[in-house]
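S.K.: Numbering-wise (the numbering used here), the sequence shown opens with residue 1 and increments by one.
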Amino acid sequence: MDSREYIPVKIFCEYHHIEVSFISSLREYNLIEIISVEKEDFLPVSQVSEAERIIRLHNELNINTEGLDAVLHLLQKMRDMQGEIAQLRNRLRFYEP
1 MDSREYIPVK
11 IFCEYHHIEV
21 SFISSLREYN
31 LIEIISVEKE
41 DFLPVSQVSE
51 AERIIRLHNE
61 LNINTEGLDA
71 VLHLLQKMRD
81 MQGEIAQLRN
91 RLRFYEP
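1) Let's see if you can read the secondary structure: which residues bound the beta strand (DSSP E) around G60?
2) Please return the same chain residues whose Cβ sits closer than 7 Å to the Cβ of H58, not counting the five positions on each side in sequence.
3) Sort E28, Y29 and D41 by Cα distance to C13 and report the nearest one.
4) Assuming contact is defined by CB atoms lying nearer than 8 Å, are V9 and L43 in contact in what I supplied?
5) Less than 7 Å between C-beta atoms, sequence neighbours within five positions excluded: which residues of the same chain meet that for E5?
6) Taking the C-alpha atoms as reference points, what is the distance between R89 and D80?
7) Could you check what DSSP says for E96 in three-state terms: helix, strand or coil?
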């Protein structure tokens with residue numbers, strides 16, 4: 001395991017002033033990926049921005065873990081639909097005079 005690609009969960013939690021149990025609950029809902037090595041949990045660097053976004057939603061809007069799962073699902077659906085709308089607009093431009 002390349003240590004530059006992973007951050008220990010304990011250090012991440014200390015930095016963001018959150019409980020390790022919160023990160024564990026995010027993992028239970030498959031909202032973030034956690035790697036366990038020799039009884040220590042690590043957060044992939046690629047997941048840091050997503051984890052920080054989830055923490056902001058939780059702290060600023062007081063959304064619980066179940067709500068975070070629903071909100072993130074709806075945000076992903078919205079991004080997918082926006083991409084589909086952009087594709088459809090591009091196709092329509094082909095037929096416009």
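Glycine residues also receive a C-beta, built at the ideal position from the N, C-alpha and C atoms. Being a predicted model, the structure only gives us computed values, none of them experimental.
M.R.: Concretely, from the data shown:
1) Per the sequence shown, residue 60 should be read as Glu rather than Gly. Taken as a continuous stretch (DSSP letters only), E60 belongs to no beta strand (DSSP E), being part of the alpha helix (DSSP H) at V48 to L61.
2) L68
3) D41
4) yes
5) P44 and V45
6) 14 Å
7) coil
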